[in-house]
Amino acid sequence: MPELPEVETVRAGLQTFIVGKVVSAVDADTVKSFPNAPSDVKQFLINASIVAVRRRAKVLLIDLDTNYSLMIHLKMTGQLVFVGAERFGAGHPNDSLVGQLPDRSTRVTLTFSDDSHLYFNDQRKFGWMKLLPTIEIPNVDFMKKVGPEPLSADFTVDQFTARFMRRAKTSIKAALLDQTVIAGVGNIYADESLWGAKIHPLQPVGSLTPDDFARLFTELRAVMNLAIEKGGSTDKNYINAEGKRGSYMDFARVFRREGLPCPRCGTTIIKFKAAGRGTHICPHCQQLV
DNA sequence: CACTTGACCTGTCCGC
DNA sequence: TGCGGACAGGTCAAGT
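In the working numbering, the protein residues as written are 908 to 1196.
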C-alpha cells in the first residue's frame, strides 16, 4: 500500500512522536514479525531509547541507542500508529485512538516508559519488522540493490535516464515499479506520473526520447512532492503515525478514476492490466508510439 | 541474463 | 443473504 510519500509521512510523524522515548515492553509475534532477529528480541528492545527515524525507499528505519535498529516494511496494508497515554488528556493529536488499538490486525506493540504505544498493524501480514545492528543495514540485500531516491537534491535527469536505460527492453511502467531502477515508486505514482508526462505505460523504455525522460523526471518528482504535501494517498488502508488519512486521492488525475473524464482533455479514463498491475490512463493523452 | 508470473495473506466488492 | 471469484497500493522466488 504505502509508497514513498506515504512512508515519508509516517516517518515524519514518528520522528515527532517517538524520538527520545524508552521501550518498556514488547508484545510481538516474533515468528511473523521478526524473521531474522535474535530469539530474545524483547531483551534487545526493552530499555532501548529511540534515537532517530529514517527512511530509505519504502523502508522505515528506527534507530535505537543500543546500536541496533528496527527495519520495517509496510508492504500493502501495514500501519505504524502512535497512541499517546490517556493521561495526556483531550487535545493530544491521537487521543481519539486510545482504546481502539490494539485490534485483530496488530502484529507488534511497543510500549514506552511514559505509557504511550506504537502499534504495527498489518491486515494482510505481508509487512515485516527486523531487528539488526545499525551498521548492518547497508549490507541488507534490498539496501544494496535499491535505486536512488527520486527526490534527493542531487539527483539529475541524466542519472534518471541512465538508470532506466539499463532496462531498455521492458515497459516504462514495469521499470518505474522496479525498485532497483528508482526507489519508492509504486502503482499510484507510476500511473499519475505517466499521465503527467503523457507516456503510455507499455511504451518500451528504449523507445523513449530524452524529452520523454525529462518530462517523466519532472512529473514524478512533482507528483511525489504533492503527495507528501497532502500526507499521502488513502485508498483503503493507509493511515499515518497519528492514525489519519492522506488526501492525495482527492487530487489524483487518473488513478482509480476509470470512467471519469481526463482532467486535461475530457476523454474517458480507462483501466487495464500492465506490468501485472491495475493501470489507469487517458487513451487520448497517452498513446503508444 | 532479462523479463514475467505466482506466491505470500486477509478483506472487500461484485455478480449470480 | 450466501457464495465464489476477482482484486487490492509490494517484493521476492521461481519459471520462461
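Beta carbons are placed, not taken as given, at the ideal position from N, Cα and C, and that holds for glycine. Since the model is a prediction, treat every value here as computed from it, not as a measurement.
- Would you mind sorting C1192 into buried or exposed? The rule is 16 or more other CB atoms within 10 Å of its CB. buried
- Task: Whole angstroms is fine: what's the gap from F1124's alpha carbon to D1142's?
- Result: 25 angstroms
- Item | Proximal residues to A959 (C-beta, below 6 angstroms), its chain only, five neighbours per side dropped | D970
- Message: Need the endpoints of the alpha helix (DSSP H) that A919 sits in, please.
- Response: It spans 911–925 - the alpha helix (DSSP H) in which A919 sits, taken as one unbroken run.
- My understanding is that L1115 touches A1182, with C-beta atoms under 8 angstroms, so please give their C-beta distance in whole angstroms. That belief does not hold up - the Cβ atoms of L1115 and A1182 are roughly 15 angstroms apart, past 8 angstroms.
- In three-state terms, what does DSSP make of V1064? helix
- Item | Complete runs of the beta strand (DSSP E) confined to the region 935–986 [at least 3 residues] | 957–963, 966–971, 975–980
- Item | Same chain, Cβ closer than 6 angstroms to Q1030, neighbours up to 5 away in sequence not counted | Here the set comprises T984, S1012.
- Message: Going by DSSP, what residue range makes up the alpha helix (DSSP H) through K1052?
- Response: 1048–1052
- Message: Relative to the C-alpha of M1131, which candidate in S1059, V988, V1015 has its C-alpha closest?
- Response: S1059
- Item | Stretch-stretch touch, CB-based, cutoff 8 angstroms, three pairs: the region 1161–1176 with the region 1075–1090 | no
- Could you name the residues of the same chain whose beta carbon sits closer than 7 angstroms to that of V1064, not counting the 5 residues immediately before and after it, in chain order? Contacts found: F1120, A1121, F1124.
- Quick one: what's got a C-beta closer than 6 angstroms to K982's C-beta in the same chain, skipping five residues either side? Cβ within range, chain order: F1033, G1034.
- Residues near P1170 in its chain [Cβ-Cβ closer than 7 angstroms; skip 5 each side]: R1160
- Task: Please state whether DSSP places V930 in a helix, a strand or coil.
- Result: strand
- Exposed or buried, what is A1090 when buried is set at 16 or more other beta-carbons lying within 10 Å of its beta-carbon? Buried: at least 16 other Cβ atoms inside 10 Å.
- Item | Cα-Cα separation, D934 to V914 | 23 angstroms
- So K1080 is in the beta strand (DSSP E); what residue range does that whole segment cover? Run containing K1080: none in the beta strand (DSSP E); it sits in the alpha helix (DSSP H), 1079–1084.
- Give the DSSP bridge partners of N1132, in chain order. Under DSSP, N1132 shares a beta bridge with no residue.
- Item | Residue environment, L1167, which counts as buried when at least 16 other CB atoms sit within 10 Å | exposed
- Query: Can you name the residues that DSSP bridges to Y1145?
  - Reply: Y1145 is not bridged to any residue.
- Query: Alpha carbon to alpha carbon, what distance is there between N1144 and L921?
  - Reply: Whole-angstrom Cα-Cα distance: 18 angstroms.
- Message: Among V930, V990, I957, G1006, whose alpha-carbon lies nearest the alpha-carbon of Q950?
- Response: Of V930, V990, I957, G1006, the residue nearest in Cα terms is V930.
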